[in-house]
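Everything on this sheet refers to the single structure shown next.
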Amino acid sequence: MRWKHGAWMFGGLVLTVSLHASARDATLQPTTLRGFGTVGALYHGHDDLEYRSQIGQARGANADEIDFETDTVAGIQLNGAWRRDVDGAIQLLTRRTAEDRWQIELHRAFVRYQVSPSLALRAGRIGWDIYPRADSRYIGYSRLGIRPAPETYGIIPTDAVDGAEALYTWPLGQALLHIKAYGGRGNAKTVNANGRVNNLDGSSIWGGHLEYVRGPWTMRVGNGVFLVDSIENPTGLIEALRQSGSAEAQSLADTFSENQRRVTFFAAGLAYDEGPVQARAFVGHTEGKGYSTPQVTTVQLIGGYDLGRITPYASAALMTSHVDVKGTGLTDTPENAEINASAEMIQAFNQYNQHSLTMGLRYNWRPGVALKAQVDHTWLRDSALVFENDRPQTGNDELTLFGLALDFIF
Amino acid sequence: MRISTAIGRLLLAACALLAWSATSAQNAETAIAVIVNPNSGVTRLDRNDAINIFMGRYRKLPSGLIAFPIDIGEHSEERAMFYRRLLDKDLDDIDAYWSRLVFSGQTPPPMIVPDARTAVELVAGNRAAIAYVPAQAVDARVRVVLELGKIPP
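Here it is as structure tokens:
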């Protein structure tokens, strides 16, 4: 994939040079270099559990350690315009990746054309806002809490699409109706508790949403598809299940043999933002086809009240899986132990049952800098977001997380 | 000496407080005018239109032009007064809002100019430009289409 990155970087260079040239026109947005970041410290005291905030993270926060990697992220962005109706941006981002490295990735690179006041087109590496604010999940300064709720955003495999989108805005009296459609390819990696990295590069993404805005109210419904056909099947296990003679094992082998994984996301959200008050409610649902797909429902409520420089906030979030782990039908003998354990673990990778309550304070320290202190209490019941001794977390458990973060933009 | 120093400092602090109160009171009294080019075809703008244009929701002037919004100084008093009166939000909230839209690449923010004079000049020279300035900075080259008055007590 190196040529691909090279092409992106070359495109970026062309963009940079031409944007710089265009900056001489006083009525154009000047070429600007901006940045954002979060330095986050996270602590919990639950032995054996490793807390991740999203499935793209190789590791998480371990017990009795102050973890600086789960919430920390940084990015820079070059913006500019060729004409008043044509602009673009390149963004580089670094965070803890699926390979457990801190590498710089090209996170955004697009050109936007404002065809008319109502129609805007974007093409390139653009954000994927399958759920409201999913495309700004790394911008800590933009939100109340330290991290986006893992129960809502943690299973979205990527926040970028290499493709195009069209946004049409339709004024309806005092309200606005935004209609967005997009499509393209996704680049993403997810990580299982056993350390296996699922490479989802080249997956197909398409969808859209309707957003109704009136005064302080925003309502949105959306739908999107993430289609993957590149995940390797567990061929050894499939063979062993087929040879076992059990009907349940045969059925599982058929399921594990499916090549295509299709996840359909449904989203509905309501937000209120006026004066010192901001509140949001969200319901999301995924339907999966293929064994390695999350089938979950998620709900999130969050609210905050601005007291000046300090904004206290609280949130509640949950996600629950719809598909149970199926047995192989094979007796629990030493000969079958490995098959049974492997079949169970593969299915456990798609179990996401957890909910949390969060309270925190955001302190706007100075322009562009915010300090946050946050406590989360999370209840777990078979949740692959959290690792337990290199396996997905199983059974009922709970942990309290203490977080401090410094968010900045410039 | 120590007492006199303390009294001196108290007096200085009191003066500073008075000066700050006077400035705040003056700012609260200052009307903010939203201005456009006289050739834009716009004679008035309602608050909802101003919110849509300056917050990047829908950048269309009532005459049909793609609006070209202008902010004054990133941390300026004018910008703080404008958004306080338009949305009852402080600049930290506005900056948080724009950080989401800018870094997700959804919408570019208004163009920032250093002062009211530059804003007036840009509006005077561009049919689609729209800006806000203190009422006393308005001149004959631009047209006031919305006034955001004093902050209520």
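Protein chains in written order, with the numbering used here: chain A, 3 to 412; chain B, 688 to 840.
Where is the CB? At the ideal position from N, CA and C, for every residue including glycine.
Chain A contacts from the stretch 774-796 of chain B (Cβ-Cβ distance under 9 Å): Those residues of the stretch 774-796 of chain B that come within reach of chain A (Cβ to Cβ, closer than 9 Å) are Leu-774, Asp-775, Lys-776, Asp-777, Leu-778, Asp-779, Asp-780, Asp-782, Ala-783, Tyr-784, Trp-785, Ser-786, Arg-787, Leu-788, Val-789, Phe-790, Ser-791, Gly-792, Gln-793, Thr-794, Pro-795 and Pro-796.
So which residues of chain A does Tyr-770/B contact, with C-beta pairs closer than 8 Å? In chain order: nothing, as chain A lies at least about 11 Å away.
Residues near Asp-409/A in its chain [Cβ-Cβ closer than 6 Å; skip 5 each side]: Within the same chain, Asp-409/A has close Cβ partners Thr-40, Gly-142, Tyr-143 and Ala-372.
Can you say whether Asn-196/A is buried or exposed, counting buried as having 16 or more other CB atoms within 10 angstroms of its CB? Under this definition Asn-196/A is an exposed residue.
Of the choices Ala-803/B, Phe-790/B, Arg-766/B and Glu-808/B, whose alpha-carbon is the least far from that of Gln-823/B? For Gln-823/B, the closest of Ala-803/B, Phe-790/B, Arg-766/B and Glu-808/B by C-alpha to C-alpha distance is Ala-803/B.
List the endpoints of the continuous alpha helix (DSSP H) containing Phe-769/B. Taken as a continuous stretch (DSSP letters only), the alpha helix (DSSP H) holding Phe-769/B covers 764-774.
Interface residues of chain A facing Arg-734/B [CB-CB closer than 8 Å]: Under the 8 Å cutoff, chain A gives no residues; its nearest Cβ is about 10 Å from Arg-734/B.
Beta-carbon proximity of Gly-129/A to Ser-786/B, cut-off 8 Å: Not in contact: Gly-129/A and Ser-786/B (Cβ atoms no closer than 8 Å).
DSSP-derived helix/strand/coil call for Ser-118/A: DSSP places Ser-118/A in coil when its eight states are reduced to three.
Does any residue of chain A bring its CB to less than 8 Å from the CB of Phe-755/B? Taking Cβ atoms only, chain A reaches closer than 8 Å to Phe-755/B, which makes this a yes.
Taking the straight line between their C-alpha atoms, what separation do you get for Glu-400/A and His-48/A? The alpha-carbon atoms of Glu-400/A and His-48/A are separated by roughly 8 Å.
Name the one or two DSSP bridge partners that Trp-785/B has. In DSSP, Trp-785/B forms no bridge with anything.
Tell me which residues share the same chain as Ala-754/B and place their Cβ nearer than 7 Å to its Cβ, disregarding the 5 neighbours each side in the sequence. Answer for Ala-754/B: Ile-740, Arg-746, Lys-747, Leu-748, Ala-815 and Ile-817, listed in chain order.
Who are the Cβ neighbours of Trp-5/A in its own chain at under 6 Å, not counting the five residues just before and after it? Confidence at Trp-5/A is low in this model, with a pLDDT of 45, below 50, so its placement is unreliable and the value that follows should be read with caution. Nothing meets the Cβ criterion.
What residues of chain B sit near Ile-141/A, judged by a beta carbon separation below 8 Å? Going along chain B in sequence order, the residues near Ile-141/A (Cβ under 8 Å) are Ser-786, Arg-787, Phe-790 and Ser-791.
For Leu-809/B, go through chain A and note every residue whose CB falls closer than 8 Å to its CB, in chain order. Chain-order list of chain A residues neighbouring Leu-809/B: Ala-28 and Thr-29, by C-beta distance under 8 Å.
Name the residue from Ala-43/A, Ala-166/A, Val-285/A and Gly-217/A whose alpha carbon lies nearest to the alpha carbon of Val-223/A. Cα-wise, what sits closest to Val-223/A is Val-285/A.
Is there a C-beta anywhere in chain B that falls below 8 Å from the one on Ala-76/A? So no, Ala-76/A is outside the interface.
Tyr-745/B touches chain A at which residues, Cβ-Cβ below 7 Å? Within 7 Å Cβ-Cβ: Pro-119, Thr-171, Pro-173 and Leu-178.
Do Leu-94/A and Ile-106/A count as a contact pair if the criterion is CB distance below 8 Å? In contact: Ile-106/A and Leu-94/A (Cβ atoms closer than 8 Å).
Any C-beta of chain E under 8 Å from that of Asn-726/B: In the structure shown, chain E does not exist; the protein chains are A and B.
Fully enclosed by the stretch 195-268 of chain A, which alpha helix (DSSP H) runs are 4 residues long or longer? Entirely contained in the stretch 195-268 of chain A, the alpha helix (DSSP H) runs reaching 4 residues are, in chain order, 237-245 and 249-259.
Per-residue contacts from Gln-79/A into chain B (C-beta, under 9 Å): Residues of chain B passing the Cβ test: Val-789, Phe-790 and Gly-792.
Test item: CB-CB of Ile-57/A and Thr-171/A under 8 Å: No.
Three Cβ pairs or more, each shorter than 8 Å: is that satisfied between the stretch 79-97 of chain A and the stretch 148-160 of chain A? A contact is defined here as three or more CB-CB pairs under 8 Å, and the stretch 79-97 of chain A fails this definition with respect to the stretch 148-160 of chain A.
Taking the straight line between their C-alpha atoms, what separation do you get for Trp-1/A and His-357/A? Since the first and last residues shown for chain A are 3 and 412, residue 1/A lies out of range.
Taking buried to mean at least 16 other C-beta atoms within 10 Å of its own C-beta, is Asn-200/A buried or exposed? Around the Cβ of Asn-200/A, a 10 Å sphere holds 16 or more other Cβ atoms; the residue is buried.
Could you work out which residues of chain B lie near Asn-366/A, taking near to mean beta carbons separated by less than 7 Å? Taking a Cβ-Cβ cut-off of 7 Å, the neighbours of Asn-366/A in chain B comprise Asp-779, given in sequence order.
Between Ala-767/B and the rest of its own chain, which residues show a CB-CB distance below 6 Å, the 5 nearest in sequence each way excluded? Excluding positions up to five away in sequence, the list reads Leu-778.
Consider the Cβ of Ile-411/A: report whether some Cβ of chain B lies at a distance smaller than 8 Å. Yes, because at least one Cβ of chain B sits closer than 8 Å to the Cβ of Ile-411/A.
Which chain B residues are close to Gln-93/A, counting only those with a beta carbon under 8 Å from its beta carbon? At a beta-carbon threshold of 8 Å, the residues of chain B lying near Gln-93/A are Phe-790 and Gly-792, ordered along the chain.
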